Structure formats: C-alpha cells, structure tokens
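A.B. asks: Position one of the sequence shown corresponds to residue 286 (this note's numbering), numbered consecutively onward. The structure under discussion is supplied below as structure tokens; questions concerning it will follow.
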Amino acid sequence: MKQQLCYFNNKEKVDVLITSHTHEVFAYTFTKNKHKLVNLSSGGYGEYLGVIELVLKRRKIVDSKVNNLNTLGLPHNIYHQYQEIISDYMRANKDLWKVVGKVKNNYFKEEFLRQVTNYILNKEEADFVLLNYGSIRSIAFPLIEGSEITESDLYEINPFSNYLYKIEIDRNTLNNYLNQYYSATYLHSKDILRKEKYNVVINDFLKDKYFAFSLKEKKLVKVTDYIKEMLAKELL
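Right under this line is the structure:
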C-alpha cells in the first residue's frame, strides 16, 4: 500500500487519492471537474466496488456517490456500508504525509497488538478484549524509536475501518470459543470461566464470524480511533 501511494505521489500529480481496500491489484487515474484523481482498487476478496463519483468544491470533496455496484453475495445495504468506507479513505493528498509525532520505543507487531488490547481493556469496562492477528498490518512494522509517524502510517497500521463492539456472551459460548482456538497454547481444554455472562470488546470481523448471536451488543468506535488515541498518549 505504501509503495503504491509513494509511486503515485512521484509519478502522478494528483489532488486526491482514493482507496477501496489495501489488497490493491490495479490502479488508474482519472479527471473529475478538472482535478486529477487516482483510484486504487482491489480484487483481494473478489469484491467489485463500482464507479466512484465525486463532487469537488475548491479542491475539496464535498460529496460522493457509488454506482454500478455488484451486490452478489453482499448485504442489501451494501451501498451505505461502502459509502462509510469510502468516506474514511478520502483524504487530501497533503494530509497523508502530515507528521503526527515520533515513536518513543521500538515496537514489533506482536508487542504493539498487545499494547492495543491492553489499552482498550483499560478504557472499557470489559472482561476480555478479542482482536484477531490481522487487526493490524505487518507492513507498518517495526516502529523504530525516534522515527516519525505520518497520517499515512497510522492507516497502514489499521486500514480496514473495523469497528469495535462490546457484546455480552454466556459462559459456555465464550469458553468453547477460547478452548477451540487457544487450548493448545493457553487453556488445555479446561473450563476457566466462572461467571454466567461476560462483557467482551471485540472487532466486527470476529463478532460476525463467531458471535453473531450475542446476548447484547453495543457499537463502540473504530479500531483506528483507539490506535490513534493510544499512540498520541503513550507512544508518541
């Protein structure tokens, strides 16, 4: 992703970069209202985003619209979901390279992910925080002490627009999940849970895949928001 962005920064004079995903397989430039734009699109998951139409005013995007969506196998409200995703990735080119701070210590991906989960656990009233390994991208690491972090780097760490949810899970469901996926290393197939219900902070990927029928759920913020907050307060 970073290589693609740098390539288009050097090779193309554009006002706006638009990304539909981070598994880019092709890219193209086009002109809208006399402004040069570049669109980085993806076939990583087989999705087809369609045509992005932008309304610009004084070199700023004031509105966007997606047409010709292929919704096969996707939710009925896919238009609104993609609108939300697109808006998150539309940023002025100059803002991508804005320096937000310097790293205080060296961090590899595993250590950084532990820092993120610990930070979320301390912020939320929860018994567990569950994030998958892919919640952050390996390409952003290592973070080297003293190196500058830009807005682009922040989105390299978590570019997926994943949301966090606080959900309530009964003991058996959570215990079965933990033992199924972690017993070989941590739990040794023991029933480690004693409460009847647990509050768990989880990202939308894991929630939809493993806990679609939680007892209660509350949508929180994007994972990226917590990463930015944690970086600003503790790492930068």
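For glycine and all other residues, C-beta sits at the position ideal for the given N, C-alpha and C. Remember, predicted model here, so these are calculated numbers, not experimental data.
1) Can you give the Cα-Cα distance for valine 414 and leucine 500, rounded to whole angstroms?
2) Please say whether isoleucine 405 and tyrosine 511 have beta carbons closer to each other than 8 Å?
3) Output the distance between the C-alpha atoms of glutamate 433 and leucine 439, rounded to the nearest integer angstrom.
4) Does leucine 505 come out as helix, strand or coil in the three-state DSSP assignment?
5) Whose C-alpha, out of Asp489, Asn457, Leu463, is nearest the C-alpha of lysine 482?
6) Using the three-state DSSP reduction, which class does phenylalanine 413 fall into: helix, strand or coil?
7) Buried or exposed for phenylalanine 397, going by 16 or more other Cβ atoms inside 10 Å?
8) Between which two residues does the alpha helix (DSSP H) carrying tyrosine 466 extend?
9) What's the C-alpha gap between lysine 387 and lysine 451?
C.D. replies: This is what the structure holds:
1) 17 Å
2) In this structure, tyrosine 511 lies near isoleucine 405, with their beta-carbon atoms less than 8 Å apart.
3) Near 11 Å, if we compare the C-alpha coordinates of leucine 439 and glutamate 433.
4) strand
5) Asn457
6) strand
7) buried
8) 456 to 467
9) 31 Å
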